[in-house]
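In what follows, a structure is listed as structure tokens, so that the remarks can point back to it.
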Amino acid sequence: MNTRRLTQRMMALLTAPLIVVLLFTVVPAWAAPFDGGRTRFADPRFEQVWTRTDSEAVRSGRTWYWGPGPWFDYAEFYRQGTNGLRTVQYFDKARMELNNPSDFGGQAQGVTNGLLVKELVSGRLQRGDDPYDVDMRGPSDVPVAGNPRNANPTSPGYGSFAGVATIDNGYRDPQRIGERISLTIDRAGNLGQRPDLALPETEIVQYNSVTGHNIPRIFWDFMGQQGPIVIDGRIVRGPVVDWLFAMGLPITDAYWTRARIGNAEQDVLVQLFERRVLTYVPSNPAGYKVEMGNVGQHYFQWRYPHLGTPWVSPEPREILVYASNVDTGSHWEVYRYDGNGQSQRITFNDHETVAFSWRRSWDPGQQSLLGDSRRAGTGFRQLYEFDIVTVYDGDRAWNARVKRLSYSDGKGWPEPGPFPGYLPNNTANDYNAAASPDGTKLVFVSDRMGNGSQELMIASITGNNPVQLTSDGCVNESPSWSPDGRRIYWTANCDGSFNLYQAELSYGHDAQDYIYARFVNARRLTDNGTDNRYVRLAPDGRTLAYSIKQEGRWQLALYELATGRTRIFAEPGNNEAPTWSADSRTLAFASDRTGNYEIYTIGVDGQNLTRLTANGAQNRWPLWAQ
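When we follow my numbering, the leftmost residue of the sequence shown carries the number 31, and every step to the right adds one.
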């Protein structure tokens with residue numbers, strides 16, 4: 031497909047007159063990846079550490095130590111953390127972490143600074159305190175310095191340094207104090223010499239005996255730099271950073287590289303430390319000759335290649351899709367709403383397909399839909415991922431990718447997987463697949479246990495070897511993730527009526543091919559003697575939208591998590607399956623107020639009701655941002 035044409039079509043759809051905006055401001059109590067507030071600090075301690083060096087009150091032309099501000103926070107797996115998780119927040123130059131939220135000790139008040147460079151060079155994603163507790167990813171080829179790889183094709187990546195880096199103390203350089211640096215390294219890891227680059231400022235002045243690496247004067251002076259900093263809200267003069275906290279130990283010597291920066295290829299001296307990279311560009315202006323490398327950006331691209339580049343990208347705007355039988359007269363197919371009452375069919379098969387969640391990304395080309403379909407022809411609902419080409423050109427397009435995620439219909443599975451997991455009855459329906467905010471996991475519903483129960487399962491985004499989260503024999507439906515990935519909200523019928531529930535996820539294992547987690551601290555949110563179904567959490571994490579049955583009809587309702595207050599919309603007909611706009615201000619839903627089900631939007635204040643479809647068919651199960 032022509033990329034420019036796809037981008038133009040996407041932008042046209044994203045700006046179509048679909049979103050009914052309500053002009054009031056919502057300020058969440060936390061940052062969240064996809065609510066438009068991700069540049070807020072996830073914890074006051076993160077802000078304090080950042081302010082010390084990078085506040086405009088003290089920076090005054092000094093290079094960034096963290097970056098202009100945060101752009102992504104989440105609860106990432108950390109085996110020793112509460113429920114196997116810890117809060118992290120990404121900046122251009124690094125990642126901050128709270129391994130123990132109750133630790134306020136030291137100047138950083140418990141904030142740590144990840145050993146990201148070691149992971150990028152070794153290809154081992156660290157999952158806990160044990161250095162051997164890793165998920166193997168392969169070394170990163172993201173360029174250590176300069177432009178991204180597509181505009182910097184020959185510059186060395188992190189993996190290029192694997193042969194000269196101290197990872198398991200298996201490599202050490204001899205002490206070279208007094209020598210100047212002329213050694214070069216290329217993308218293949220080959221070493222060379224450039225005597226013309228042996229500048230006076232590259233004279234080696236320190237040798238770290240722990241890891242066995244030399245540090246040149248230009249970097250040592252930067253590491254010990256004095257200047258204005260913010261301490262306890264006051265501007266004082268002192269060491270800009272504790273270099274061991276900020277950078278860790280050196281894991282390589284310094285090497286000259288060639289890197290494309292902007293439109294020019296330049297000589298760049300680089301040295302890798304456990305936590306950071308230092309670069310020296312002699313031609314840069316004063317104050318910016320030595321800089322921290324963009325390790326936070328580079329690590330994010332390696333760990334989350336599907337999420338794009340949030341530090342330079344606008345917020346993603348997922349378009350509205352829904353299920354309809356307008357063309358089939360019987361089974362559901364998925365349609366994309368284009369605005370002004372116009373829709374396009376995007377799935378074509380002889381068996382039903384319904385979308386349930388977006389796998390979101392700041393790269394529009396990597397967004398995808400998760401849904402369930404009977405298209406395998408076995409009669410069982412199975413999980414599928416539909417790529418962005420499918421969303422815009424339909425699943426019959428020559429380059430559309432429809433990826434099957436579950437194989438629980440008894441017909442076997444491909445090698446090497448995904449393996450369907452435990453199937454006591456040999457077959458199952460899998461549906462309601464909710465992608466996690468970071469796009470690495472999914473929670474879904476399966477009836478594999480039999481006896482009429484529908485249980486929640488969790489798996490990696492590949493669908494491999496799912497693990498059961500609920501085991502109560504209830505009918506569980508409609509899982510929805512919290513913005514930070516710590517909780518699941520859903521509906522369950524355990525005693526004759528559906529109610530809203532929430533639980534925390536507690537992880538024992540988190541790898542690319544297998545997830546192990548269980549629910550802890552589960553609690554029931556409603557107990558009103560009637561059915562409460564089709565729940566979805568707002569992107570800002572504050573409010574649940576759902577349908578409640580009153581006097582024989584389904585009505586829209588909102589449940590505020592902070593207060594437990596419920597507000598019910600008084601609308602004619604049945605009003606079902608609400609789904610949220612990206613800004614948490616508007617709901618789309620299905621209503622039969624005109625006789626057949628059509629898709630509508632309404633503001634969360636109950637105003638600005640707008641009908642979107644009018645085709646005389648049944649139109650249901652809308653999906654917007656969440």
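Glycine included, each C-beta is placed from N, C-alpha and C at the ideal position. Note that the coordinates shown come from a computational prediction; the quantities given were computed from them, not determined experimentally.
- Following the DSSP letters along the chain, one finds Gly633 inside the beta strand (DSSP E) bounded by residues Glu628 to Gly633.
- Remark: three or more beta-carbon pairs, one from each stretch, lie closer than 8 Å, so the segment 482–496 and the segment 535–545 are flagged as touching.
- DSSP, reduced to helix, strand and coil, places Arg333 within a helical segment of the structure shown.
- A residue is called buried when at least 16 other Cβ atoms come within 10 angstroms of its Cβ; Ser501 does not meet this threshold and is exposed.
- In this structure, the alpha-carbon of Ala406 lies about 8 Å from that of Gln412.
- Straight-line measurement puts the Cα of Gln301 at about 14 Å from the Cα of Leu150.
- Contact holds between the segment 564–579 and the segment 610–625, because three or more Cβ pairs, one in each stretch, are under 8 Å apart.
- For the set Asp159, Ser343, Arg366 and His336, the Cα lying nearest the Cα of Arg389 is the one of His336.
- Runs of the alpha helix (DSSP H) spanning 4 or more residues and lying entirely within the segment 400–477 occur at 418–423, in chain order.
- For Phe249, no beta strand (DSSP E) encloses it; the enclosing alpha helix (DSSP H) starts and ends at Arg247 to Met253.
- Counted as a single uninterrupted DSSP element, the alpha helix (DSSP H) harbouring Leu150 occupies residues Leu146 to Ser152.
- Per the coordinates, the alpha-carbon of Arg70 lies some 21 Å from the alpha-carbon of Thr93.
- Between the segment 344–360 and the segment 386–401, the count of Cβ pairs shorter than 8 Å is three or higher; the stretches touch.
- The shortest CA-to-CA distance from Asp133 to any of Met277, Leu146, Thr112 and Ala124 is the one to Thr112.
- With at least 16 other beta carbons inside 10 angstroms of its own, Gln397 counts as buried.
- For Asp283, the enclosing beta strand (DSSP E) stretches over residues Pro280 to Ile291.
- Counting along the chain, Trp80 sits inside the alpha helix (DSSP H) bounded by residues Pro74 to Asp84.
- When the Cα atoms are used, Phe599 and Thr640 turn out to be separated by approximately 15 Å.
- Among the bridge pairs identified by DSSP, Arg125 is matched with Tyr120.
- Straight-line measurement puts the Cα of Tyr365 at about 10 Å from the Cα of Tyr422.
- Taken atom to atom, the span from the alpha-carbon of Asn645 to that of Tyr367 is near 13 Å.
- With fewer than 16 other Cβ atoms from the protein chains shown falling within 10 Å of its own Cβ, Trp428 counts as exposed.
- Tyr201 and Ile234 have their alpha carbons spaced roughly 19 Å apart.
- In this structure, Leu567 lies away from Tyr531, with their beta-carbon atoms at least 7 Å apart.
- The segment 187–194 makes contact with the segment 209–217, as at least three CB pairs between them are under 8 Å.
- Sixteen is the threshold: when 16 or more other Cβ atoms of the shown chains lie within 10 Å of the Cβ of Val419, as they do, the residue is buried.
- Listed as beta-bridge partners of Gln223 by DSSP are Leu213.
- Looking at the DSSP output, Ile197 sits in no beta bridge, so it has no partner there.
- Between Asp203 and Gly242, the CB-CB gap stays under 7 Å.
- Distances from the alpha-carbon of Gly359 to those of Phe64, Asp84 and Asn626 put Asn626 closest.
- As summarised for the segment 518–589, the continuous beta strand (DSSP E) elements at least 3 residues long and confined to that stretch are 528–540, 545–554, 562–567 and 573–580, given in chain order.
- Distance from the CA atom of Ser466 to the CA atom of Pro230, rounded to whole angstroms, is 52 Å.
- By the Cβ rule, the segment 263–283 does not count as touching the segment 324–343, because fewer than three pairs are nearer than 8 Å.
- The Cβ atoms of Thr609 and Pro569 do not sit closer than 7 Å to each other.
- Close CB contacts of Gly97 within its chain, under the 6 Å cut and outside five residues either way in sequence, are with Phe121, Asp122 and Lys123 (chain order).
- Per DSSP, the unbroken alpha helix (DSSP H) holding Phe275 starts and ends at Trp273 to Met277.
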